[in-house]
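**Q** Numbering (our numbering), first residue to last: 113 to 301. Can you keep this structure in mind? I'll have questions shortly.
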């Protein structure tokens, strides 16, 4: 093995064990709505509200999101994990009859069952190896319920080690990471 191969393997292993929040981006460049799950969303600035994320050049949805220029970013919760999987599955019908969605007055597609969402405009892009980094300013949206206490299906959805997990708010105020199929009451036994 070469040093480059060792570094690439170490990189992949490190990020397999690096938890990430999960979002889904929807857009429509004018010919069809597209959606893709992202785990690279980061906060850039609060004034103006700005985020960044990367889009894989291997995804067929990337050119459409970039061409649309505006999008809806949905912050996914544990109860949204089926939607996260739908957005991550190549060739899936992400806007079929069984999917609850609508168009905003400005034309962007929005999943109606996701509580936290923001409409955004692309303000910059940066080509990277195998991806495009997108910077977007948030212009409208809904931040969801206030406070840390919420029903278990509203726990944040986390992607870790190629699996969906939830960040569970324990009674003592310390959060724990749980596999998506775990029983949250097990942490108290």
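Glycine included, C-beta positions come from ideal geometry on N, C-alpha and C.
1. Per the DSSP calculation, residue 354 is bridged to which residue(s)?
2. The beta strand (DSSP E) spanning residue 245 covers which residue range?
3. Hey, would you say residue 212 sits closer than 7 Å to residue 224, going by beta carbons?
4. Extract the residue ranges of the beta strand (DSSP E) inside the stretch 208 to 232, only unbroken runs of 3 or more that lie entirely within it.
5. Are the Cβ atoms of residue 163 and residue 139 separated by less than 7 Å?
6. Considering only C-alpha positions, which residue in the set 243, 206, 202 and 228 is nearest to residue 133?
7. Give the secondary structure of residue 117 by DSSP, where H, G and I count as helix, E and B as strand, and everything else as coil.
8. Look at the alpha carbon of residue 260 and the alpha carbon of residue 115, and state the distance between them as a whole number of angstroms.
9. State the Cα-Cα distance for the pair residue 209 and residue 151, rounded to the nearest angstrom.
10. How about residue 244 and residue 235: do their beta carbons lie closer than 7 Å?
**A** The short version:
1. Lying before the first or after the last residue shown, residue 354 is absent from the chain, which here runs from 113 to 301.
2. Segment 243 to 254, the beta strand (DSSP E) holding residue 245.
3. Yes, the Cβ-Cβ distance between residue 212 and residue 224 is below 7 Å.
4. Contiguous beta strand (DSSP E) elements confined to the stretch 208 to 232 occur at 213 to 215 and 221 to 223, taking only those with 3 or more residues.
5. It is not a contact, given that the beta carbons lie outside the stated cut-off.
6. Considering only alpha carbons, the answer is 228.
7. In the three-state DSSP reduction, residue 117 falls in the helix class (H, G or I).
8. Residue confidence for residue 260 is low, a pLDDT of 47 falling below 50, so the modelled location carries little weight; the figure read from the coordinates is stated next. Within the model, the alpha-carbon separation for residue 260 versus residue 115 is close to 45 Å.
9. The alpha-carbon of residue 209 is positioned some 26 Å away from that of residue 151.
10. In this structure, residue 235 does not lie closer than 7 Å to residue 244 by Cβ.
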